[in-house]
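Below: one structure, written as structure tokens.
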Amino acid sequence: MATTLFTRKPRELTYNPKRPVWKEKPSALYQTVKAVVLIVFSLSILTPILLVVSTSLADTEQLVKAGGFVLWPERPTLEAYATIFKGPMVLQSLGVSMLVTAVGTILALFVTITMAYATSRTVLFGRPVILAVLFTLLFAPGLIPSFLMIRQLGLLDSLWSLILPGIFGAFNFVVMRSFFMNIPGELIESARIDGANDWQILWRIVMPLSKAVIAVVGLFYAVGFWNSFFNALLYINDHSKWPIQLLLRNFVVQGSGAADQLGITTTPPPQSIQMAVVVVALVPILMVYPFLQKHFAKGVITGAVKG
Amino acid sequence: MNSTTEQAPALPEARRVPAPAGGNTSGSGAKKRKRSKPPQQSFRSRLRRDKQMLLMMVPGVAFLLLFFYIPILGNVIAFQDYQPYLGIGDSLWVGWQNFVDLFGNPDFIHAFWNTLYLAAWQLVFLFPVPLVLALIVDSLISTRVRKIFQSIAYLPHFLSWVLVIAFFQQMLGGAGFVNNLLRDWGMDPIPFMTNPETFPVMVVVQMIWKDAGWAMIIFLAALASIDASLYEAAAADGAGRWRRMWHITLPGLRPVIVLLLILRIGDILSVGFEQFILQRDAVGAGAAEVLDTFTYYTGVVGGGWSSGAAAGLAKGVVSALLIYGANKLAHRFGEDGIFAKQVR
């Protein structure tokens, strides 16, 4: 017995320290299929991003030679970016998107945190009411009534129409609330005995304990505001108030009157200018992605599983 | 509201009453108090005690009323001949007329069937992908490979649909990367993005690209929660790889699969609004018209507010019935479904 244990252990360690003893080594075919699936999936995601970034950086000569796209810029130049920022349109829409994202995220966090805290302890009415409300949030009021509401409020062509409909998300609320509910009641009780009121408890006790979840939910909201395109399509006519996503749609996806629309006379080929706009919309997301990725999986799972 | 500061000293007293009516019913606290049910305070004293909490709900409740519940009531215009200058109060009531017209409208019928058709494609081809990916990722031994793959796979979830479609156009569009290559090699370009026939495939591919990685998360979590000793015991009893998957992994995943299916079925008529709006011009209304785009084009673009609202309402009601039905079905199969999950 002792000898078998002894001989088995080193052999296992040499070929894989983590594979449990009872697990058979997968066949070569199975391994290959797995590798192919993962690699193809990853490449399908990375290639378009690389293509777009490279094309936006490529110089005219290389682009013309390659017939429109390059996978690697040989002589990278920022000419396309210089061009799009010369006209007013891209800068304006970036400004709009940033403003909407910043104001929207702050408001959304305020509404979500207060609502989540207030419902995380049983107040006047109990859990059933809150669950019933949560359940209704599975449904949607519909496009036309929402539109009429915005019009009724006089928000058409106002940036508030991009902000207000997005300041409360049922999913983010559930994540936040389930986190607050897990904060020990004793902490809150003791603060109350010391004379703190509910606002003070929220500000001094609950929020400092929830920094991580607040960061995640904030990022979710920010990404949502940055990415939202349909609200702008519905509510905004004024070109000077277009967010970047709508600009992207009209300029790249529909590809109409590219250069004139941006108010620029084009020297670099339209391809690289279009790609530069795509990159401008993409970069903020890529910048926050590492932070998002660090925390979101946890948030999603608490939200989804605990409901 | 300066009353919040005045009220502060009084509050602790009100709450010092033995076991306040769940003033702090959170996790552990709730369990302790469950046994001895506290005497219910009068409504008024509870109101005074919870004043600040209720105040905190005001922004959220205002939001829900303004942008959720009142718009839901706004659906009544589906039963009116709604005229913007008259408003809801003065527009004429027409009963079911809008719905009668709607179901006689070939465009609507087309949008309806097209929605179901695309939904079926999604259900059959989209739903299993994250599961398969999760099984593969879960079987990876190297944490590094796993981390790298996850970082790549989650990314597209955070890109807007506009960006996704832009990427697809640049890759597969008529003047896109792939077709340029094909031309260089002397082959005919393939109209990936504009062919109405293959549009459902394109839709599913785009959805897989954007969200399959993300959807994997929940399966990965479920896989991680399966007791590893079950596998070990099964292996000791001679169960092979596939047998273990069939008898341990899949049963372990069943609640998650059922829950996701229910949510998916309730959502089935919302096949992907932005995705279609963005591509409707390229492939034509024939292939890309779904209930949501129909509502948008009839109502907002065409000014047919009432028929648009009727289409939206019809969709909403059917979705609600589907959620209810799917949940019922789940209960029948002995699963929690969504309602039980929340009440627990």
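Just so you know, the sequences run in chain order A and B.
Residue numbers for the first sequence follow my numbering, beginning at 1 and rising by one.
Residue numbers for the second sequence follow my numbering, beginning at 1001 and rising by one.
Every residue gets a Cβ at the ideal spot worked out from N, C-alpha and C, and that includes glycine.
When you compare the CB of W160 of chain A with every CB in chain B, is at least one pair closer than 9 Å? Locating residue 160 of chain A in the first sequence gives position 160, counting from the first residue. It does not; no Cβ of chain B falls within 9 Å.
Three-state class that DSSP yields for Q1083 of chain B in the structure shown: For this step, residue 1083 of chain B is matched to residue 83 along the second sequence. If DSSP states are grouped into helix, strand and coil, Q1083 of chain B belongs with coil.
Interfacial residues, the region 68-95 of chain A to chain B, with Cβ spacing under 9 Å: G68, F69 and L71
Quick check on the DSSP output: what are the complete alpha helix (DSSP H) runs of length 4 or more inside the region 1130-1215 of chain B, in order along the chain? 1143-1154, 1161-1172, 1177-1184 and 1199-1207
Taking C-beta pairs closer than 7 Å, name the residues in chain B that V37 of chain A reaches, listed in chain order. Along the first sequence, read from residue 1 onward, the residue named residue 37 of chain A stands at position 37. Here the neighbours are I1136.
List, in chain order, every chain D residue whose beta-carbon is nearer than 7 Å to that of L1155 of chain B. This model lacks chain D altogether, as its protein chains are A and B.
How about K1328 of chain B: is its C-beta nearer than 9 Å to some C-beta of chain A? For the purposes of this step, residue 1328 of chain B is identified with residue 328 of the second sequence, where counting begins at 1. No - not a single Cβ of chain A is within 9 Å of the one on K1328 of chain B.
7 Å CB neighbourhood of P1189 of chain B in its chain, flanking five on each side removed: Residue numbering aside, residue 1189 of chain B sits at position 189 when the second sequence is read from its first letter. Counting only residues of its own chain and dropping the five nearest sequence neighbours on each side, P1189 of chain B has a CB closer than 7 Å to the CB of G1174, N1179, L1182 and R1183.
Nearest by alpha-carbon distance to S1091 of chain B: which of B:Q1097, B:F1099 and B:I1077 is it? For the purposes of this step, residue 1091 of chain B is taken as the residue at position 91 of the second sequence. Among B:Q1097, B:F1099 and B:I1077, the Cα nearest to that of S1091 of chain B is on B:I1077.
Name, in chain order, the residues that DSSP records as bridge partners for W1093 of chain B. Position 93 of the second sequence, counted from the start, is the residue given in the question as residue 1093 of chain B. Bridge pairing for W1093 of chain B: B:Q1080 [DSSP].
Residue range of the alpha helix (DSSP H) that includes Q1052 of chain B: The sequence position of residue 1052 of chain B within the second sequence is 52, counting from 1. It spans K1051 to L1064 - the alpha helix (DSSP H) in which Q1052 of chain B sits, taken as one unbroken run.
May I ask you to report which of helix, strand or coil DSSP gives V1271 of chain B? Within the second sequence, numbered from 1, the residue matching residue 1271 of chain B stands at position 271. Under the three-state reduction of DSSP, V1271 of chain B is assigned to coil, being neither helix nor strand.
DSSP-derived helix/strand/coil call for L71 of chain A: Numbered from 1 along the first sequence, position 71 holds the residue referred to as residue 71 of chain A. L71 of chain A: coil per DSSP, three-state reduction.
Q254 of chain A touches chain B at which residues, Cβ-Cβ below 7 Å? The count along the first sequence starts at 1 and reaches residue 254 of chain A at position 254. Ordered by position in chain B, the residues that pass the 7 Å Cβ test against Q254 of chain A are D1281.
With a cut-off of 8 Å on the beta carbons, I'd call V1164 of chain B and W1209 of chain B a contact; round off their distance for me. Numbered from 1 along the second sequence, position 164 holds the residue referred to as residue 1164 of chain B. Numbered from 1 along the second sequence, position 209 holds the residue referred to as residue 1209 of chain B. That belief holds up - the Cβ atoms of V1164 of chain B and W1209 of chain B are roughly 7 Å apart, short of 8 Å.
Cα-Cα separation, V978 of chain B to F251 of chain A: Absent from the model: residue 978 of chain B. The displayed extent of chain B is 1001 to 1344, so no value can be given.
Check whether the Cβ of N1180 of chain B lies closer than 9 Å to any Cβ atom in chain A. Taking the second sequence and counting its residues from 1, the one referred to as residue 1180 of chain B is at position 180. Nearest CB-CB separation between N1180 of chain B and chain A: below the 9 Å threshold.
Note the first and the last residue of the continuous alpha helix (DSSP H) segment covering L164 of chain A. Translated into the one-based positions of the first sequence, residue 164 of chain A becomes position 164. Per DSSP, L164 of chain A belongs to no alpha helix (DSSP H) and is neither H nor E.
Exposed or buried, T105 of chain A, counting other C-beta atoms within 10 Å across all chains shown (16 or more means buried)? Within the first sequence, the letter at position 105 stands for residue 105 of chain A. Buried.
Check whether the Cβ of T119 of chain A lies closer than 9 Å to any Cβ atom in chain B. Position 119 of the first sequence holds residue 119 of chain A. Yes, because at least one Cβ of chain B sits closer than 9 Å to the Cβ of T119 of chain A.
Taking 9 Å as the threshold (beta carbon to beta carbon), is R204 of chain A in contact with chain B? Here residue 204 of chain A refers to the residue found at position 204 when the first sequence is read from its first residue. By this cut-off, R204 of chain A is not an interface position.
Assigned exposure category for F1103 of chain B - 16 Cβ within 10 Å defines buried: As a working note, residue 1103 of chain B is residue 103 in the second sequence. Flag for F1103 of chain B reads exposed.
Can you find a C-beta in chain B that's less than 9 Å from the C-beta of W315 of chain A? Nothing in the structure corresponds to residue 315 of chain A, since chain A is present only between 1 and 307.
For R312 of chain A and A116 of chain A, which I take to be in contact (beta-carbon distance under 8 Å), what is that distance rounded to the nearest angstrom? Here chain A covers residues 1 to 307 and nothing more, so residue 312 of chain A does not appear.
Among B:L1054, B:S1042, B:F1125 and B:L1140, whose alpha-carbon lies nearest the alpha-carbon of A35 of chain A? Against the first sequence, residue 35 of chain A aligns to sequence position 35. Nearest of B:L1054, B:S1042, B:F1125 and B:L1140 to A35 of chain A, Cα basis: B:L1140.
Is the Cβ of N1075 of chain B closer than 9 Å to any Cβ of chain A? As a position in the second sequence, residue 1075 of chain B is number 75, starting the count at 1. Cβ-Cβ to chain A under 9 Å: yes for N1075 of chain B.
Determine the chain A residues that contact A1166 of chain B at a beta-carbon separation under 7 Å, and present them in chain order. Here residue 1166 of chain B is taken as the residue at index 166 of the second sequence, counted from 1. The answer, in chain order, is L248, V252, V253 and V278.
Would you identify the three-state DSSP class for L183 of chain A, choosing helix, strand or coil? Within the first sequence, the letter at position 183 stands for residue 183 of chain A. The residue you asked about is not Leu; residue 183 of chain A is Ile in the sequence shown. Coil at I183 of chain A, not helix or strand.
Residue-level contact to chain A via CB, P1251 of chain B, 9 Å cutoff: Within the second sequence, numbered from 1, the residue matching residue 1251 of chain B stands at position 251. False, the Cβ-Cβ gap to chain A never drops below 9 Å.
Answer yes or no: do Q1080 of chain B and W1093 of chain B have a C-beta to C-beta separation smaller than 9 Å? Against the second sequence, residue 1080 of chain B aligns to sequence position 80. Against the second sequence, residue 1093 of chain B aligns to sequence position 93. It is a contact, given that the beta carbons lie within the stated cut-off.
Alpha-carbon spacing of R19 of chain A relative to H295 of chain A, whole angstroms: Walking along the first sequence from the start, residue 19 of chain A turns up at place 19. Walking along the first sequence from the start, residue 295 of chain A turns up at place 295. Roughly 27 Å between the two C-alpha positions.
Output, in sequence order along the chain, the residues in the region 1094-1117 of chain B whose CB is closer than 7 Å to any CB in chain A. none
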